[in-house]
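For reference, the structure discussed in these notes is given below.
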Amino acid sequence: MMLFPLVTLIAFGAAVLYSAAGGSMQPYAQSHLIRFAVFLVMAAIMTRFTREWVKFLAYPIYAVVLILLIAVEAIGAIGGGSQRWLNLGFIVLQPSELMKPAIVLALARFYDTLPPGMTGTWRAIVPAGLLLAAPVCLVLLQPDLGTSLALVFGGVVVMFLAGLPLRWFVLGAVGAAIAAPLAFFFGLQEYQQRRVFTFLDPESDPLGSGYHITQSKIAIGSGGLSGKGFNEGSQSHLNYLPEPHTDFVFSTMAEEWGLIGGLVVIGIFVLILGWGLRVARRSTDRFASLLAAGMVATIFFYVVINLMMVMGLAPVVGIPLPFMSHGGSSMLTNMLCIGALMMINRWNHGQRGRTFSS
Amino acid sequence: MIFGKRGREVISSSILQNRFDRRTFALGAVQSGFALLLAGRMGYIAIAENEKYELEAESNRVNLSLIPPRRGWILDRNNAPLASNRADFRVDVIPERMADPEGTIDQLAELLALDPARVADVKSKVATARNYQPVEVASGLDYDQFAAVSVRLPDFPGVVPQRGFSRYYPTGPAVGHLIGYVGPASAEEYEEENNPILITPGYKIGKDGLEKQFEQRLRGVPGARRVEVTAAGRIVRDLATREDVQGNPVRTTIDGPLQDYAARRLGLESGSVVVMDCKTGDLLCMSSMPSFDPNSFSDGIGSVEYSMLREDERVPLRNKVLKGLYPPGSTVKPMVSMAFLEAGLDPAASVYCGGGLRVGNRVFRCWKRGGHGTVDMAKGIYQSCDVYFYHFAQQLGMDVIAPMAKRCGMGQEFPLPVTSQFYGTVPDPAWKMRKYEREWQPFDTVNATIGQGYMLASPLQLAVMASRLATGSKLMPRLIINPNDPTPASMNFSPENVRIIQNAMSDVVNGPGTAGRARIPIEGVNMAGKTGTAQVVSLSRSDGKTGDWKYRDHGLFIFFAPFDNPRYAGAVVIEHGGGSGAAYPIARDVVTFMFDPQKGLDALTALEKEWGGTAQQRLNSKYSAYAAAAGESVEPVPRREADIFARVDAEARAAAERPAALANRPATPRPEPVDEEGSAGPPPGTVVTPAAPTTWVR
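Line by line, the protein sequences are chains A and B. Under the numbering used here, the first residue of the first sequence carries the number 1, and numbering increases by one thereafter. Under the numbering used here, the first residue of the second sequence carries the number 1, and numbering increases by one thereafter.
Below is the structure:
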């Protein structure tokens, strides 16, 4: 299985969080490990689900999460302010996070049931588009641009892999290229616009909103080849690096472990995502392969956007790094994706016998 | 194939599977591409740009701060500090680093309990500061206040609390004019010198007096401290510290206790006391009152305080020892006598004083309307007979008197470490022609012999004159102890003549003279002196004794003691004191203090009780009364300290010129506050109020 690289990454993440807390298991590393253990059990339970069960539950799960999203929006509207969390008493839920695997599930289910002959027709795009547009619009209202993009990315990848005509995507890309500047100037909040500007030129405002990017690059750059050593990072320990335990956990790591640590982390993600893609390609059944590939895409989006952000290649959007950043919601989402992949892997094995192991 | 194919192709499951395989492959390729891109980007940042970012991380982490050096002490002749340093806690702000200057200052004001005038001053300074110039919010804080600010540092960007040293002047106002004060460097001073130490919070430079003159010697070498700091500016640990090197001390000739005593003894008067050592020329005391408290100037001059000092007609900002010019009045008579003696006049030569002397078609009056009878030189001095001097001055001429005045120090500038000194006027025919293009008149000589008319001198010059006449040595006043100074040259007076003047001046005090009440209440210490009363406005304006303060006569007194073997010489000048009666009791008490400090202090304590406290206490209570009355409607302080004193100097010059307006006619000599011939005055230590106006009229 691929659990070995995953556990390595979690352990490494815990070590970095230990350092980010100033050399202490509290408050980050310990809860990180506990959450992982809990969510790993959840993933193991998920592997027990049968294909039929999952297919049957796909739309209801989507519907429930969508209702939760609406509920968040409603509470926010009543409370007079934007809100992303739903406090259910025993757990603080961020429905937009849950929507990431849920939208993949719903679309996989949709294309699974769509007759192949209709793939090139409006029947293939319009219902799927509505399925995608509803949560994206709700999340945009929060407003949470990063998560909306993640949802769109996951959904579009599933549509792409479902075999929709390539020219639709080309047209879509052209349309997006036209719409993006319009959306930028008319749709985005001012703070979001500023983030884009400072991403383009972080030095223009080194103590203002460019501060995050600049300090993150300083942390990564000063780490050099082998880093400053465990617990020796000055950027994170002296609070120059903002959010050293969540969004900028990679910078914290890179400062202390250097390029070598960075390549190890990137390598592990390559292993995990590669395994996920292989799981997708091995499944013979359309629902499973679309679901698996969509899950891979979701994790991939997290990783790429986060790493590009900390290295100064993308604006600061507030997306954590899977399996390393401290935070329950993102861990839940990513472990749901991993659990789904493990489940599909098990389906594949059940079909092909136990000879395969990857 | 797929792309661009417009025909209605029947799509089957296998085609979709095929597409899925191809497209997942593409997706994998894209993912690998991103992985490579990220790895490459990271390699670029961490390896190629490593040096740059390492440097930036280091400059984030390490904060180098300069430790202001402790200033060298200014010592008196016995090595007691006139200016020292006191450890304290202070809070500065650096306006450029402040997010919300107004709000932060308001919060600080609350934490530190600052008064509104102070807050207004700080705000106006913050608004005009540039070049990362620090602005002092408060100093001399106790630890609790300091800690209260320190713990809130993360909310207060640009606020710098620190433990440091601040300048401390133990005797406060007594040394204000002499020592000057310190303050933060102004933007101009920083631009001039461009030394980063000047904008280190808590660093002060000398702004006036000795502090300014010896700035470089007193300054010292700053220390440095490398500390690891968090992003919020909290210090995590010290990395390395280099101690500061304290500035070198400056040892002055001043006698600290005497300086303080004289300043306090001046009491409510506006005036100055100068005392010199008759062996070396050391200036033992240069007190000028009223004064300012340099301790309260060290954090910048508050606008309320400035306004109070500025509105005071007694000009507390002017150093009257150096920048007060007064008609010397009768105090020039011993000098004029010496000129006569050196010109060959027989001291026994006498003249009959009947209350006036006719010269040409004018009659010049003696101050004593009834006349002195037969007057020789000694009587001319101790009774201050004007006619004696009128008479012989007409015989011997101004060409004898003016050079002697200059030899004795009048009209001279001395090589002293002071920011400026006024040198006054010794008029002679050539000078008058140059300045006014008018011929020298007989009445000009008459005026000059009694120290009126164009003649102007500073208290320092009068003290030098007294010391040179007393000793016959060409004493040069000096302020800094320097063992290499040459021994004073001789004035080349005949010793016999010196003795004549010593005896005549002793008779002023100890004999049948005009200052019997100046007798020193110590057995065996006999002071010699000469009184002087200088008119400042014409008689039609004021009788010089009563009425508007600024029209009253100046009171002057020069002295030396002991009279037959002078050790100390000096001068006391009381502005608008109403006559010499305001001056010589002060000289008496100062000299008493030098020979018997306890006796001197007893006299002072009694007086201070009457005046309402010491000079420092009175200044403090005056300030609080003024601040309460003035509120916020006060004139702002000039931005550059130099302007403050330039303004005062200019006004002083103008004031000094004023008596010259009287010079185009003969002066009316003012009556000396005569005691009964030779009788002992009131017991020493009693207050001498100016004599009641006499019925004397011209």
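C-beta: ideal position from N, C-alpha, C; glycine also.
I'd like to check one pair, residue j with residue i: are the Cβ atoms closer than 9 Å?
i                        : j                           : result
proline 157 (chain B)    : alanine 127 (chain B)       : no
arginine 167 (chain B)   : valine 182 (chain B)        : yes
asparagine 319 (chain B) : serine 288 (chain B)        : yes
leucine 210 (chain B)    : isoleucine 74 (chain B)     : yes
alanine 463 (chain B)    : valine 274 (chain B)        : yes
methionine 295 (chain A) : alanine 254 (chain A)       : no
isoleucine 591 (chain B) : alanine 615 (chain B)       : The residue asked about is misnamed: residue 591 (chain B) is valine in this sequence, not isoleucine. No, the Cβ-Cβ distance between valine 591 (chain B) and alanine 615 (chain B) is not below 9 Å.
leucine 9 (chain A)      : isoleucine 268 (chain A)    : yes
tryptophan 367 (chain B) : proline 669 (chain B)       : yes
methionine 276 (chain B) : alanine 515 (chain B)       : no
proline 161 (chain B)    : glutamine 133 (chain B)     : no
tyrosine 261 (chain B)   : phenylalanine 557 (chain B) : no
arginine 41 (chain B)    : leucine 313 (chain A)       : yes
isoleucine 205 (chain B) : alanine 185 (chain B)       : yes
alanine 528 (chain B)    : valine 498 (chain B)        : no
threonine 230 (chain B)  : tyrosine 240 (chain A)      : yes
Go ahead and pull the three-state DSSP assignment for residue i.
i                          : result
isoleucine 34 (chain A)    : helix
aspartate 142 (chain B)    : coil
alanine 561 (chain B)      : strand
cysteine 337 (chain A)     : helix
lysine 474 (chain B)       : strand
glutamine 162 (chain B)    : strand
phenylalanine 49 (chain A) : coil
aspartate 106 (chain B)    : helix
aspartate 277 (chain B)    : strand
leucine 284 (chain B)      : strand
glutamate 313 (chain B)    : coil
glycine 704 (chain B)      : A question about residue 704 (chain B) goes unanswered here, because the residues of chain B that appear run from 1 up to 698.
Chain A beta carbons: is any one of them nearer than 9 Å to that of residue i?
i                       : result
tyrosine 626 (chain B)  : no
glutamine 17 (chain B)  : yes
threonine 236 (chain B) : Sequence inspection shows valine at residue 236 (chain B); the threonine mentioned does not correspond to that position. It does; some Cβ of chain A falls within 9 Å.
leucine 38 (chain B)    : yes
asparagine 78 (chain B) : no
serine 32 (chain B)     : yes
asparagine 60 (chain B) : yes
isoleucine 47 (chain B) : yes
Say whether chain B places a C-beta atom closer than 9 Å to the C-beta of residue i.
i                        : result
lysine 55 (chain A)      : no
threonine 119 (chain A)  : yes
methionine 311 (chain A) : yes
lysine 100 (chain A)     : no
isoleucine 344 (chain A) : no
Sorted by chain position, which residues of the same chain lie with C-beta nearer than 8 Å to residue i's C-beta, five sequence neighbours on each side aside?
i                        : result
methionine 433 (chain B) : Glu439 and Trp440
arginine 70 (chain B)    : Asn85, Phe165, Gly220, Asp244, Gln246 and Gly247
asparagine 18 (chain B)  : none
methionine 25 (chain A)  : Tyr18
Rounded to the nearest angstrom, how far is the Cβ of residue i from that of residue j, given a contact under 8 Å?
i                        : j                       : result
threonine 269 (chain B)  : glycine 511 (chain B)   : Residue identity differs from the one stated: residue 269 (chain B) is glutamate in this sequence, not threonine. Contact flag wrong, Cβ pair sits at about 27 Å.
glycine 229 (chain A)    : alanine 46 (chain B)    : Incorrect: roughly 15 Å between the Cβ atoms, too far for contact.
serine 384 (chain B)     : serine 330 (chain B)    : 5 Å
serine 283 (chain A)     : alanine 297 (chain A)   : No, serine 283 (chain A) and alanine 297 (chain A) are not in contact; Cβ-Cβ is about 15 Å, not under 8 Å.
aspartate 76 (chain B)   : leucine 82 (chain B)    : 5 Å
serine 580 (chain B)     : threonine 531 (chain B) : 4 Å
isoleucine 218 (chain A) : glutamine 235 (chain A) : 6 Å
methionine 455 (chain B) : proline 327 (chain B)   : 6 Å
Sorted by chain position, which residues of the same chain lie with C-beta nearer than 7 Å to residue i's C-beta, five sequence neighbours on each side aside?
i                           : result
valine 136 (chain A)        : Ser148, Leu151 and Val152
serine 350 (chain B)        : Thr374, Val375 and Asp376
alanine 124 (chain A)       : Leu114, Met118 and Leu164
phenylalanine 297 (chain B) : Tyr181 and Gly183
Leaving out the 5 sequence neighbours to the left and right, which residues in its chain are closer than 6 Å to residue i when beta-carbon positions are compared?
i                        : result
histidine 245 (chain A)  : Leu17, Ala20, Tyr28 and His326
tryptophan 119 (chain A) : In the sequence as displayed, the identity of residue 119 (chain A) is threonine instead of tryptophan. For threonine 119 (chain A), where only same-chain residues beyond five positions count, the Cβ hits under 6 Å are Gly163.
leucine 98 (chain A)     : Val65
(request) With 8 Å as the limit, tell me which residues of the stretch 221 to 243 of chain A have their beta carbon closer than that to any beta carbon of chain D; keep them in chain order. (result) In the structure shown, chain D cannot be found, because the protein chains are A and B.
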